[in-house]
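Okay, so here's the structure we're looking at.
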Amino acid sequence: MLGVLALSCLLVLCGISAAAQAAETVSLQTSFTPEKLGASTTIGFGFTIGSTTGGLPSPLTHVSLRMPKGMNYVTTTLGLAICEPEALVAKGIEGCPADSRLGYGSAYVEVPFGQGAGREIPEIEALMGPAHDGNIVVLFYANGLAPVYAQIVFSGELLPGEGVFGGDLDTTIPQIPSVTNGPPVSIINVKSTIGPEHLTYYKRVHGKLVAYKPQGISLPTKCPKGGFPFSAEFTFLDGSQVAATHNVPCPPPTHRKK
Amino acid sequence: MGRDINSHMEGKMGNHSSRKRKSARTRISTAALALGVAATAAAVGTAGAGAAAPHAIAARTLSLNDSASLHLENKHGLVLKEGGTAKGSLGGLLYLQLDVTSTRSVTAEVQVYPKGGSISGDAKASYHVNGSTASFSGTMTITKGSGTYSKAKASALSFSGTIERSNDAVTVHVSGPISY
Numbered sequence: 000m001l002g003v004l005a006l007s008c009l010l011v012l013c014g015i016s017a018a019a020q021a022a023e024t025v026s027l028q029t030s031f032t033p034e035k036l037g038a039s040t041t042i043g044f045g046f047t048i049g050s051t052t053g054g055l056p057s058p059l060t061h062v063s064l065r066m067p068k069g070m071n072y073v074t075t076t077l078g079l080a081i082c083e084p085e086a087l088v089a090k091g092i093e094g095c096p097a098d099s100r101l102g103y104g105s106a107y108v109e110v111p112f113g114q115g116a117g118r119e120i121p122e123i124e125a126l127m128g129p130a131h132d133g134n135i136v137v138l139f140y141a142n143g144l145a146p147v148y149a150q151i152v153f154s155g156e157l158l159p160g161e162g163v164f165g166g167d168l169d170t171t172i173p174q175i176p177s178v179t180n181g182p183p184v185s186i187i188n189v190k191s192t193i194g195p196e197h198l199t200y201y202k203r204v205h206g207k208l209v210a211y212k213p214q215g216i217s218l219p220t221k222c223p224k225g226g227f228p229f230s231a232e233f234t235f236l237d238g239s240q241v242a243a244t245h246n247v248p249c250p251p252p253t254h255r256k257k
Numbered sequence: 000m001g002r003d004i005n006s007h008m009e010g011k012m013g014n015h016s017s018r019k020r021k022s023a024r025t026r027i028s029t030a031a032l033a034l035g036v037a038a039t040a041a042a043v044g045t046a047g048a049g050a051a052a053p054h055a056i057a058a059r060t061l062s063l064n065d066s067a068s069l070h071l072e073n074k075h076g077l078v079l080k081e082g083g084t085a086k087g088s089l090g091g092l093l094y095l096q097l098d099v100t101s102t103r104s105v106t107a108e109v110q111v112y113p114k115g116g117s118i119s120g121d122a123k124a125s126y127h128v129n130g131s132t133a134s135f136s137g138t139m140t141i142t143k144g145s146g147t148y149s150k151a152k153a154s155a156l157s158f159s160g161t162i163e164r165s166n167d168a169v170t171v172h173v174s175g176p177i178s179y
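As they're listed, the protein sequences go chains A and B.
Each residue of the first sequence is one higher than the last, beginning at 0 in numbering that gives the first Met the number 0.
Each residue of the second sequence is one higher than the last, beginning at 0 in numbering that gives the first Met the number 0.
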């Protein structure tokens with residue numbers, strides 16, 4: 000009896016020890032397409048989450064993505080229509096107007112059982128949601144396929160930035176169940192854009208619906224020394240927090256033709 | 000003026016001795032001088048009061064209540080330059096420069112050209128985006144004026160408006176009391 004107890008304690012201690020040693024690692028990638036000072040651009044951002052032990056990282060619960068100061072988040076024509084979250088949940092992406100689309104992306108998740116049980120969530124859409132407390136709200140719609148059959152809607156709020164950051168996209172990530180009543184999946188990789196690339200909006204001109212490309216967020220007219228700074232803070236289900244930074248290098252100077 | 004008074008007074012004092020008469024004359028002259036000085040001072044005082052009248056009289060006040068529909072004239076970085084015509088208690092050409100200082104705030108410079116002068120002001124406002132329309136709401140302070148409005152003063156004027164995000168057309172509304 001004592002031997003069983005001792006073994007149990009040892010196993011528990013080993014478990015605690017392994018959990019204590021495991022820590023999440025995050026790399027952040029950001030880009031501008033095109034990267035032309037003062038011009039409309041599409042912001043690309045992505046992150047890859049790992050674990051120092053090589054195992055599955057704890058499920059992600061919150062991301063705070065800080066974006067560079069001086070970018071024109073406000074005078075863009077992105078998100079001229081509003082997507083209602085209820086319509087998005089009920090009808091999927093078809094429930095929202097085309098002019099509410101802000102960007103798109105994909106994700107890669109792993110379920111916490113089986114070997115190599117990673118699956119891609121090929122469709123993530125970013126849409127303009129109803130403002131909250133006067134802040135711009137970005138709705139994310141993730142359309143999961145087998146084995147993660149889940150259509151998930153979550154939102155990020157664009158908060159004013161501080162210091163070298165002009166805006167902070169503050170996003171709470173819901174837990175994505177691996178199976179019904181099962182443990183949540185771990186997000187391994189996310190890529191998304193906010194910008195006009197591959198987006199088409201529509202407007203009525205003389206009674207006809209005309210397609211056009213919306214104006215994106217504009218880059219500042221000057222590049223800060225060291226490039227455009229991005230910073231993100233990731234919070235995980237186990238309570239840990241990891242920060243990551245990435246700078247988009249300044250574009251090469253353009254030479255005027257003589 | 001003093002001499003006329005002296006001769007008038009001298010006739011009345013014909014029964015007094017010469018010393019007394021002299022003394023009286025001195026006193027009368029002094030009195031006349033004093034009266035003259037007083038009269039002059041009164042005249043100057045009146046003239047002075049007249050010249051100072053604009054300061055002494057309470058400044059004119061106006062309950063400002065103007066609106067304008069503006070169109071985009073220039074867009075550079077985070078700055079929108081808009082122009083149009085204001086309608087209301089002042090009226091006239093109105094130019095607005097909106098500077099988006101953060102995702103939630105704007106500052107603005109306003110110039111309005113009513114008949115007979117101009118008024119300039121600075122404004123700070125919060126900024127909200129909701130779909131195709133953005134709105135701003137805050138306060139404006141008059142910084143300077145010219146012509147009829149050279150002494151224009153006002154602070155905490157109500158300053159609000161909307162921006163049509165598809166074409167950056169702006170409506171702006173300013174209201175509150177100003178003195179000038």
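The beta carbon of each residue, even a glycine, is placed where N, CA and C say it ideally should be.
As the structure is a computational prediction, the values presented were derived from the model and not from experiment.
Looking only at Gly102/A, Tyr211/A, Met70/A and Ser26/A, the smallest Cα-Cα distance to Ser217/A is reached by Met70/A.
Taking C-beta separations shorter than 8 angstroms and ignoring five residues to either side along the sequence, the partners of Ser104/B in its chain run Lys123, Ala124, Ser125 and Tyr126, following chain order.
Your pair Lys86/B and Asp65/B checks out as a contact, with CB atoms roughly 7 angstroms apart and the cut at 8 angstroms. Taking a Cβ-Cβ cut-off of 7 angstroms, Gly104/A has no neighbours in chain B, whose nearest Cβ is about 21 angstroms from it. Comparing C-alpha distances from Ala89/A to each of Met66/A, Gly49/A, Gly43/A and Asn142/A shows the shortest one belongs to Asn142/A. Cβ neighbours of His61/A within its own chain (closer than 6 angstroms, five residues either side excluded): Thr171 and Thr234. A Cβ-Cβ separation of about 6 angstroms places Thr192/A in contact with Gly104/A under the 8 angstroms criterion. Secondary structure at Asp167/A: strand, using DSSP grouped into helix, strand and coil.
The criterion of a C-beta distance shorter than 8 angstroms is satisfied by Leu168/A and Val137/A. Its chain contains Leu63, Asn64, Leu156 and Ser157 as the residues whose beta carbon lies nearer than 7 angstroms to that of Ser174/B, once the 5 sequence neighbours on both sides are disregarded; these appear in chain order. For the segment 122-152 of chain B, the beta-carbon criterion of a distance under 8 angstroms to any beta-carbon of chain A is satisfied by Ser125, Tyr126, His127, Val128, Asn129, Gly130, Ser131 and Ala133.
The Cβ atoms of Thr24/A and Phe44/A lie no closer than 8 angstroms to each other. With the criterion set as a beta carbon lying under 8 angstroms from some beta carbon of chain B, the members of the segment 211-236 of chain A are Ser217, Pro219 and Thr220, in sequence order.
Against Thr102/B, the close residues of chain A are Tyr72, Val73, Asn134, Ile135, Leu157, Leu158, Pro159, Gly160, Gly165 and Gly166, in the order they occur along the chain (beta-carbon pairs closer than 8 angstroms). Cβ-Cβ separation between Met127/A and Ser99/A: approximately 5 angstroms, consistent with a contact (criterion under 8 angstroms).
Approximately 5 angstroms separates the beta-carbon atoms of Thr47/A and Ser26/A; this is inside 8 angstroms, confirming the contact. Rounded to whole angstroms, the separation of the alpha carbons of Thr132/B and Leu77/A is 12 angstroms.
Taking a Cβ-Cβ threshold of 9 angstroms, the residues of chain B close to Ile81/A are Asn129, Gly130 and Ser131, in chain order. Considering only Ala21/A, Pro84/A and Leu36/A, the residue with the shortest C-alpha distance to Val247/A is Leu36/A. Pro84/A sits in a helix when the DSSP states are folded into three classes. Ile186/A and Val110/A have their C-alpha atoms some 9 angstroms from each other.
Taken in chain order, the whole beta strand (DSSP E) runs of length 3 or more contained in the segment 172-211 of chain A are 185-193, 200-204 and 207-211.
Chain A places no beta carbon closer than 8 angstroms to that of Arg59/B, leaving this residue out of the contacts. Beyond the five residues adjoining it in sequence on each side, Ser145/B comes within less than 6 angstroms, by CB distance, of Gly116 and Ser117 in the same chain, given in chain order. At a cut-off of 8 angstroms between C-beta atoms, Gly78/A counts as an interface residue with respect to chain B. Within chain B, the residues Gly76 have their CB atoms less than 7 angstroms from the CB of Gly37/A, given in chain order. For Arg103/B, there is no enclosing beta strand (DSSP E), as DSSP marks it with neither H nor E. Looking at the DSSP output, Phe233/A sits in a beta bridge with Val62/A and Val241/A. For Ala67/B, the number of other beta carbons within 10 angstroms of its own is at least 16, and it is reported as buried. Under the DSSP assignment, Met70/A falls outside any beta strand (DSSP E); it carries neither an H nor an E label. Look at Ala130/A: its C-beta is under 8 angstroms from a C-beta on chain B. If you ignore the 5 residues before and after Asn188/A, its C-beta comes within less than 8 angstroms of the C-beta of Gly45, Phe46, Thr47, Ile48, Ala106 and Tyr107, all in its own chain and listed in chain order. The beta-carbon distance between Gly194/A and Gly102/A, rounded to whole angstroms, is 6 angstroms. This is short enough to meet the 8 angstroms contact definition. A distance of 8 angstroms or more separates the beta carbons of Ile175/A and Pro182/A.
Within a 10 Å sphere around the beta-carbon of Arg59/B sit fewer than 16 other beta-carbons, which makes this residue exposed. Closest in C-alpha terms to Gly166/A, from the list Lys207/A, Leu208/A and Asn134/A, comes Asn134/A.
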